[in-house]
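For reference, the structure is listed below as C-alpha cells.
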Amino acid sequence: MNSKPGVSPLDSPNSYIGKTVPRPNAKRLVQGRGNFVDDLELPRMVHLAFCRSPYAHAEIASIDKREAEALAGVVRVLTMDDLKDYCTPWVGTLDHLKGIKSAEQWPLANGKAFWQGEPVAAVVATSRAIAEDAVELIEVEYVELTPITDMHTALAPETPVIHPELGDNLCFERKIDEGDVDKAFADAAYVAEETFTFNRHTGVTLEPRAIVCDYNPADEALTLHMSVQCPHMSKNLYAKHLGLNEDKVRVICNDVGGSFGIKIHTYSDEMAAGAIAVMLGRPVKFTADRLESFVTDIHARDHEVKAKMAFAADGEMLALDFEDITGVGPYSVYPRTSGIELNQVMNLTAGPYKHRNYRAHGQVVFLNKNVMCQYRGVGHPIAIAIGEHLMDEGARGLGLDPVEVRRKSFITDDQYPYTAPSGAIYERQSHIQCMDKLVEMMDYDGLRKQQAELREKGIYRGIGFASLIEVTNPSPAFYGVGGARIASQDGCTIRLDPTGGITCITGVTEQGQGTEAIIAQVAATAVGVQIEDVRVITGDTDIVPYGGGTWASRGAGIGGEAALQAGKALKENILKVAGVMLQAEPSTLDIQKGNIVDAGTDNERLPLSELGRVAYFRGDTLPHDLQPELVVTRHFVSKGYPFAFTNASHACYLEVDTDTGMVKLLKYWVMEDCGTVINPQLVAEQTRGGVVQGIGPALYEECLYSPEGQLLNGSLADYLVPMAAEMPDIIVGHMETPTKTSELGAKGVGEAGTAGAPAAIMNAINDALSPQKVKVAHMPFTPDKILRALGKI
Amino acid sequence: MKKVAITLNINNRDVDMLVEPRKLLSDAIREDARLTGTHVGCEHGVCGACTVLVDGKPQRSCLTFAVQTQGKAITTIEAVKGNNDGYSALQQALHEEHGLQCGFCTPGIIVTFEAYLKENTNPTEDEIRDVLSGNLCRCTGYQNIIRAIQKAAAVMRGETPGAAK
Chain U
175 MNSKPGVSPL DSPNSYIGKT VPRPNAKRLV QGRGNFVDDL ELPRMVHLAF
225 CRSPYAHAEI ASIDKREAEA LAGVVRVLTM DDLKDYCTPW VGTLDHLKGI
275 KSAEQWPLAN GKAFWQGEPV AAVVATSRAI AEDAVELIEV EYVELTPITD
325 MHTALAPETP VIHPELGDNL CFERKIDEGD VDKAFADAAY VAEETFTFNR
375 HTGVTLEPRA IVCDYNPADE ALTLHMSVQC PHMSKNLYAK HLGLNEDKVR
425 VICNDVGGSF GIKIHTYSDE MAAGAIAVML GRPVKFTADR LESFVTDIHA
475 RDHEVKAKMA FAADGEMLAL DFEDITGVGP YSVYPRTSGI ELNQVMNLTA
525 GPYKHRNYRA HGQVVFLNKN VMCQYRGVGH PIAIAIGEHL MDEGARGLGL
575 DPVEVRRKSF ITDDQYPYTA PSGAIYERQS HIQCMDKLVE MMDYDGLRKQ
625 QAELREKGIY RGIGFASLIE VTNPSPAFYG VGGARIASQD GCTIRLDPTG
675 GITCITGVTE QGQGTEAIIA QVAATAVGVQ IEDVRVITGD TDIVPYGGGT
725 WASRGAGIGG EAALQAGKAL KENILKVAGV MLQAEPSTLD IQKGNIVDAG
775 TDNERLPLSE LGRVAYFRGD TLPHDLQPEL VVTRHFVSKG YPFAFTNASH
825 ACYLEVDTDT GMVKLLKYWV MEDCGTVINP QLVAEQTRGG VVQGIGPALY
875 EECLYSPEGQ LLNGSLADYL VPMAAEMPDI IVGHMETPTK TSELGAKGVG
925 EAGTAGAPAA IMNAINDALS PQKVKVAHMP FTPDKILRAL GKI
Chain E
31 MKKVAITLNI NNRDVDMLVE PRKLLSDAIR EDARLTGTHV GCEHGVCGAC
81 TVLVDGKPQR SCLTFAVQTQ GKAITTIEAV KGNNDGYSAL QQALHEEHGL
131 QCGFCTPGII VTFEAYLKEN TNPTEDEIRD VLSGNLCRCT GYQNIIRAIQ
181 KAAAVMRGET PGAAK
C-alpha cells in the first residue's frame, strides 16, 4: 500500500518523516514551565464568577444584586440587561444541514434559564474568591417551568415547547433511503437486530476552560488569551458579537491542557467575559471550576438507536436500517451546531462495508439539559458501535466467525474510490489488510483456544472487534459550505534565520498531540535542516497565517502539507542564493543537515548560517538583480474529496466476572492506517489516548440527569474516568495508505481510537457473555447492567 | 475575611504572604508565590494535578489550607531538577518516552513519583499503576507514563534501561 510520490523530500536520506522524534515543547511541560491561561496575571485584571441557574427550566422573575454589589472587592454585578449594548445573540445553525433550527442564545440568561448551570448573572471582583462570595449574595427569584428531559417525549404534542418561537422541540432531522432495503431484508438469510443506548458523557479536559480578555479602549483592540483549538474562528466570532473590528481582535493560544473538541465552541460565560472586558476597559479572567465544567462544557452522544442488519448466508452484509434519536441541550451550539453528531452517524454507519441498501432516520431534539456538541470522535463511536455490533450478531446468528463476516463484507481494493450509499466518498482504505495484520498481531487463534479452555473452568473472556472509518482532513464541505467562517485551509510560513535555523509559523495549534513536533519534522525535512534548528510558533492570530486550527484530525494532514510546500519553496529560494554565492547551477545543489551540499555527493559547500549572514547583513556582496527571499508562506486546502477517510481495525480482550459484573480489560490492539506516518510514537500515542477516551464511556463515564434536569454527578469523585489501574496495554500497529490529495499523504489520527473502542468493548463483553445467551447494548457497561442482563439482580 | 500573615517555606525559600485562613495551598502557591507549575484540575482532591510535597510526602495542595503548612517544607515542580541537562531522571524519561501530551497533569505525576521512587526504587508495573491511579491523565492512556517511570527507576538505580519502544 506504500505509494509515496517518486521524487520527494520525504524520501531524502535525512528525512524525519516516519521517525520518532521527542516533542521539542515537552521539555518545559515536564519542568512546570508551561504557559496555561490561568497562569496569566495582567495589570488591573479582575476576576469573574457566575451565578448559574439551579433549575433546568425557569423564568427569572427578579434579580436582586444589591447585597452582592456591596461586598468589598466587588467591581460590578451584571445581568443580561447590562450586557445588551455590548453583545449580540447567536444562533447555532448551518445552511447545509437542511431544516436545522435553534433559538437566539445570549451570554447570560435573557429572562429565562434553559438548563441547570446556564449563567444568569456575572460578578466582577478583585479576586475569584470574592467574586464567588458575591455570587452567593445574589438573590434570584425563579418561577419553575416544566423541564423537558426525556428525548422520547420531547416531540409529543402534549410536551411543552422549550422555545415557543420555534414551534416544536425538533432541532434537526435527516432521512436516507438508498437501494432496496425492504427487499434486502426480505431476501436475507439472517437479520440481526438491537436497540442501543449511547450514554451522555463529556470531555473532562484536565485544564478547565479559561479565558483572559484584555480590551484596550484607546486602540479599540481586544486581546483574548484562550485555551482553544481554533484561534481564528474565535477571533471572528468575538469580533462579530462584541461589535468590534475583526482585525483588532487578537487571539493568543499558548498551552492547552487538553481539549478533545471541548474547547472549540462558543460558550456563553466566555462571551460574557469578552463583553465585560469591553465594558470595563480592563482585563477580565474567567476560569471554570470542575462543577462548572461538568454543567457547561459541551456534552456528547446521548443517542438511542434501533437498528437491524441483513446478511446473506455466507456472511456478507446486505443492508442496514436504523432509527436514531438524540437529545441535545436547549440550544444548538454555535457555530458548529448540535446537528453534526447525528449527521455523522447518518453518514458513517457500516462505512467499511460494501452494502448498497441503506435506510437511516435520525432526529435531534431539544432538552433542558446541558448543551451538546462535537467531542472527540463526533458520531463515529455511535456509528461504529451500531455497525460492528450487528456484524458480530450476524456472525453469531449464522454460526460464522466475526472476522470472516467482516472479510466477506469489506469494500474490496478494486472498488476504490468508493461512494457509500450515504454519499460518503472513500479514496482508498486498507480494511482487509488491517484485519489480516490485526489477527496476526493478537494471535487470534491462540486467544480463541484460550477462551474456550477458560470457559470450561467458568472463566468468561471475550474478544471484540471493530473495523472503522474516520473523517479527517476536512475540506470546506464540513462547515464552510454551511456559511460558518471556519477555515478548512491552513497556512505555514517558514523563515530562514541568519543563524541557519528555521522558524515555522503555522495556523494549526498544539494541544498536546504533538503538532509542533510534526510541523518541525516536516519543515526540517523539506528545507534540509536538523530538527534541533527548527522553532515552531503556533496559536497567535496576529502572527500565524489564517487557518482553521486543530480539530477534526486535520493538524498533520492539512497543516503538515502547508509546511511541506512552504519548506520546499524556501529551499528553492535558498538554493537560488547559494547558486550565486557558489557559482553553481541551483539544480546541482541540495541542502542536507543545514549545509548547502553538491547534490548526489553530499559534499559540503556552504553552511546555511553563512548564507544567512550574507543574505541578511552583506546583501551588498550579492548581484544587483538578486533579492534573497528567505521567508515563504504556503497554504493548503484539501480538494478532490470532501474528507480523507482513515481506517483502523481494533480488537479487545477482556474478562467478565459473572458474579460481580465487573469487566477486566486484558489487552487491546489497534492496526491503524492514517496514511503517511510522520512520527510513529505520536501516532501510536494519539491512538492509545483515543482508545482510552472510548473505553471511558463504554465502561464508566456518564452524565447522569434526574427527571428534573439536575446533573447528579458533577464532580470527579462521582463521574468516573479511566485511571491507570484499570487500563490495559494498547498495542498499535501501522499500515500506510497515503492520501493522494496531498504530497505528504498524511491523514488524521486524533479521533480513530475513540471512534472504535466503545464498539470493541461492547462486542468483547457480549462475546464473553455468549455462553449465557445474554447481551448488553446500553452504555456504560457498569456491573449492575451486566448482572441485570445475567438475571442476577 | 480577615487576612493573616504567614511564611511558607517553598522550595527552600521563605515566602511571606498575607492570606485569608481559608486560602488553599494550591492558590497560595500559584497566586502568592507565583509558582504556576502546580496546576489545579478539580479542587476536590481527585485528579492529583495539584500534588506537591509537604515535608517530602505527596499532598493534594487543593485539600490543604496554606496556613496549615507553616513551618513545613513545601516542594513544587519548579524545584524538581537533576543532572540530565537540568532534568531529573524522571523528567528526562517522560520526555523521551512521550509520557505526556498536554502536560497539565504532568507536574503532579512527577512530584508524586519523585517521592515514590525514593521509597521504592524497583517498583513493579502493578505498583506503579496503583500509585499512578491517584493522578488523572486524560490524554495518554498511561502506558507511556508507566514506561517512563520504569525507565527513570532503572536510571536512578544506576542501570542502563532498555531502548525506548
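These protein sequences, in sequence, are chains U and E.
Each number in the working numbering corresponds to the 1-based position in the first sequence with 174 added.
Each number in the working numbering corresponds to the 1-based position in the second sequence with 30 added.
Ideal Cβ placement from N, Cα and C applies to all residues, glycine included.
query, result
"Close-in-space but distant-in-sequence residues of the same chain around U/Gln603 (CB under 6 Å, 5 per side omitted)", "Asn821"
"Through-space distance from U/Trp264 to U/Leu878, alpha-carbon basis", "28 Å"
"C-beta neighbour in chain U for E/Ala194, strict 9 Å", "The predicted model places E/Ala194 with a pLDDT of 43, which falls under 50 and marks its position as unreliable; any figure quoted below should be read in that light. True, the Cβ-Cβ gap to chain U drops below 9 Å."
"8 Å contact criterion, which U/Met400 and U/Ile472 should meet: CB distance rounded", "With 8 Å as the limit, U/Met400 and U/Ile472 do not qualify as a contact, their Cβ atoms being about 16 Å apart."
"9 Å Cβ cutoff met for U/Gly681 and U/Tyr653", "no"
"Min CB distance E/Arg43 to chain U below 9 Å", "no"
"Three-state class that DSSP yields for U/Gly180 in the structure shown", "Legend: pLDDT at U/Gly180 = 41, less than 50; position of this residue unreliable, no value from coordinates given."
"Coarse secondary structure for E/Asp44, derived from DSSP in three states", "strand"
"Stretch pair the segment 855-865 of chain U + the segment 639-648 of chain U: three plus CB contacts closer than 8 Å", "no"
"Cutoff 9 Å: E/Val84 Cβ touching any chain U Cβ", "no"
"Proximity below 9 Å, CB of U/Val837 to CB of U/Phe955", "yes"
"Three-state class that DSSP yields for U/Leu238 in the structure shown", "According to the sequence provided, residue 238 of chain U is Asp. The question's Leu does not apply to it. In this structure, U/Asp238 counts as strand in the three-state DSSP scheme."
"Alpha helix (DSSP H) runs contained entirely in the segment 873-901 of chain U, provided each spans 4 or more residues", "none"
"Beta-carbon gap between U/His406 and U/Met445 smaller than 9 Å", "no"
"Proximity of U/Ser727 and U/Ala926 at Cβ, strictly below 9 Å", "yes"
"Contact set for U/Thr511: own chain, Cβ-Cβ below 7 Å, skip 5 residues either direction", "Gly266, Thr267, Leu268, Leu271 and Ile274"
"Counted within 10 angstroms of its Cβ, other Cβ atoms place U/Gly713 as buried (16 or more) or exposed", "buried"
"Cβ shell of U/Ala328 (< 7 Å), same chain only, five flanking positions each side left out", "Ile322, Asn343, Gly501, Val539, Phe540 and Leu541"
"Cβ contact check for the segment 235-243 of chain U and the segment 618-632 of chain U: 3 or more pairs under 8 Å", "no"
"Presumed contact (8 Å Cβ cut-off) between U/Tyr893 and U/Phe468, rounded CB distance", "7 Å"
"Partners in chain U for E/Pro137, counting only beta-carbon separations shorter than 9 Å", "Leu203, Val204, Gln205, Gly206 and Gly208"
"Reference U/Val887, options U/Gly868, U/Tyr441 and U/Val378, closest by Cα", "Inspection of the sequence shows that residue 887 of chain U is occupied by Asn rather than by Val. Considering only alpha carbons, the answer is U/Val378."
"Limits of the alpha helix (DSSP H) - the one that E/Ile176 falls within", "Gln173 to Met186"
"Where E/Thr142 falls: helix, strand or coil (DSSP)", "helix"
"Cα-Cα separation between U/His439 and U/Met936, rounded to whole angstroms", "30 Å"
"Backbone secondary structure at U/Arg580 - three-state DSSP", "helix"
"Contacts that E/Cys72 makes with chain U (C-beta to C-beta distance below 8 Å)", "Arg464, Ser889 and Leu890"
"Close-in-space but distant-in-sequence residues of the same chain around E/Ile107 (CB under 7 Å, 5 per side omitted)", "Gly67, Thr68, Pro137, Ile140 and Val141"
"The segment 304-312 of chain U in contact with the segment 481-493 of chain U per 3-pair CB rule at 8 Å", "no"
"Among E/Glu50, E/Leu38 and E/Glu73, the one whose alpha carbon lies nearest that of U/Ala462", "E/Glu73"
"Closest residue to U/Phe288 among U/Ser506, U/Leu918 and U/Ser889 (Cα-Cα distance)", "U/Ser506"
"Closer than 8 Å: U/Leu252 CB and nearest the ligand HEM heavy atom", "This structure lacks the ligand HEM; in fact it carries no ligand of any kind."
"Buried versus exposed call for U/Asn176 [16 or more other C-beta atoms within 10 Å across all chains shown]", "Because U/Asn176 sits at a pLDDT of 40, beneath the cut-off of 50, its placement in the model cannot be relied upon, and the following sentence gives the value as read from the coordinates. Exposed, since its Cβ has fewer than 16 Cβ neighbours within 10 Å."
"Same chain only: Cβ atoms within 6 Å of U/Gly192, ignoring 5 sequence neighbours per side", "Val851"
"Short Cβ contact (9 Å threshold) for U/Thr667 with U/Val718", "yes"
"Residue burial classification, U/Asn769 (beta-carbon count within 10 angstroms, cutoff 16)", "buried"
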